[in-house]
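When the letters of the sequence shown are read in order and numbered with mature numbering (1 follows the signal peptide of the UniProt record, and there is no 0), they come out as residues -21 to -1, 1 to 280. Ideal Cβ positions, reconstructed from N, Cα and C, are used throughout, including at glycine.
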Amino acid sequence: MRSTVSLVASFICILIGDCTAQLKTDAVKIKTNSSKGISCYSRLEGEEGVLESPNYPSDYPSNQDCNYDIVRTSSSVCGIRLYIEDLNIPGSITKGGDVCVNDYIAVESCVPEGGARFCGNDSGISHHYNFQPGATAIRLSFHSDSSGSGRGFRIKYKMVEDCSSYFYDIVPSGIPPLVGSATCFTRISEPSGTINTPYHPKNYPENLDCVYQFVRTNPNLCGVRMKTIKFDLQSPMDTPFGGACSDFFHMPSCGFLCGKMEFSWFARYQPGATSLEFHFHSDESTGLSGFLISFEQVYNC
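Laid out in structure tokens, this is it:
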């Protein structure tokens, strides 16, 4: 991904007053064999709790792959807030400066990966992530290779019941000049195909909110592979915090894309999810040609 990617709105640090409070959690402890690099797993079932890298605060082992399932405690819960209390994961970043490679902790279901894959020493910040429709958990994954090691991470989480600031319940708009007879909502159950902005390759209208809902027609489906054929939205605006998108395409709570770019990614369903959604928004400015994106529902992840 290039400099046209804007992740600012999803990753503004949030000061939370209860991040140092005593936590109550019911968790299955991690089981791991550091000498053999056997995968490890933790299931966290409390309304708030803590996840840590293997051996924390000592250095984590090489060649580890661990999953952490943060279980949705009730239907009223719409997301989780993660507070990164301590992060010490040595790892290189891709040339574009967006994605951690080598060692990282990631929110598995989020794309683009740069908005939900963490390495380095970014302690003391918080992030919010939504549950997908029907999801029973949000999964975080930790990966380490043989290139080095560090102290790892300690992350606190808390269930959230108000996700209105994170595009949780988007109302699709009408499509000019068809307002009143057509809404910008696409329900996708086909195994493969394309999605596009209204009227592509002509310019998309202003003041749109479009929802693209990929339906998990089989519980064995694990995600959606997506690749740009064309992507041309308004360029990001310069701000003191970096680029900010006025017209954008995103998976809610996972980062924003705008400008001209190419991408190929794999969007995963969360455990138990019945669908996953993407959102396109245009403001009052004149639109551009928009996007055409190919997709394929995938069984083998």
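{"Check": "Near residue 164, which residues of its chain fall below 6 Å by C-beta distance, leaving aside the five closest residues on each side in sequence?", "Outcome": "151, 190"}
{"Check": "If you compare alpha carbons, which of 143, 192, 266 is closest to residue 252?", "Outcome": "192"}
{"Check": "Taking the straight line between their C-alpha atoms, what separation do you get for residue 96 and residue 223?", "Outcome": "20 Å"}
{"Check": "Rounded to the nearest angstrom, what separates residue 86 and residue 46 at their Cα positions?", "Outcome": "10 Å"}
{"Check": "Would you kindly work out how many angstroms separate the C-alpha atoms of residue 167 and residue 129, rounded to a whole number?", "Outcome": "43 Å"}
{"Check": "Distance, Cα to Cα, residue 265 vs residue 179?", "Outcome": "14 Å"}
{"Check": "Would the region 124 to 138 and the region 26 to 43 be scored as touching if the rule is three or more Cβ pairs under 8 Å?", "Outcome": "yes"}
{"Check": "Identify whether residue 127 lies in helix, strand or coil by the three-state DSSP scheme.", "Outcome": "coil"}
{"Check": "In chain order, what residues of the same chain lie with their CB nearer than 8 Å to the CB of residue 173, ignoring the 5 residues before and after it?", "Outcome": "208, 271, 272, 273, 274"}
{"Check": "Only counting the same chain, and skipping five residues up and downstream in sequence, which positions put a Cβ closer than 6 Å to that of residue 65?", "Outcome": "102, 133"}
{"Check": "For residue 248 and residue 202, which I take to be in contact (beta-carbon distance under 8 Å), what is that distance rounded to the nearest angstrom?", "Outcome": "6 Å"}
{"Check": "Report the rounded CA-to-CA distance for residue 236 versus residue 70, giving the unit in angstroms.", "Outcome": "24 Å"}
{"Check": "Alpha carbon to alpha carbon, what distance is there between residue 32 and residue 204?", "Outcome": "29 Å"}
{"Check": "Out of curiosity, what's the CA-to-CA distance linking residue 216 and residue 93?", "Outcome": "19 Å"}
{"Check": "Relative to the C-alpha of residue 184, which residue among 219, 200, 226 is closest?", "Outcome": "226"}
{"Check": "Mind reading off the beta-carbon distance from residue 263 to residue 186? Whole number of angstroms is fine, and I expect it under 8 Å.", "Outcome": "6 Å"}
{"Check": "So residue 60 and residue 122 are in contact, right, with Cβ under 8 Å, and what is the actual spacing, rounded?", "Outcome": "About 23 Å; that fails the 8 Å criterion."}
{"Check": "Fully enclosed by the region 78 to 146, which beta strand (DSSP E) runs are 3 residues long or longer?", "Outcome": "83 to 86, 104 to 109, 116 to 123, 131 to 139"}
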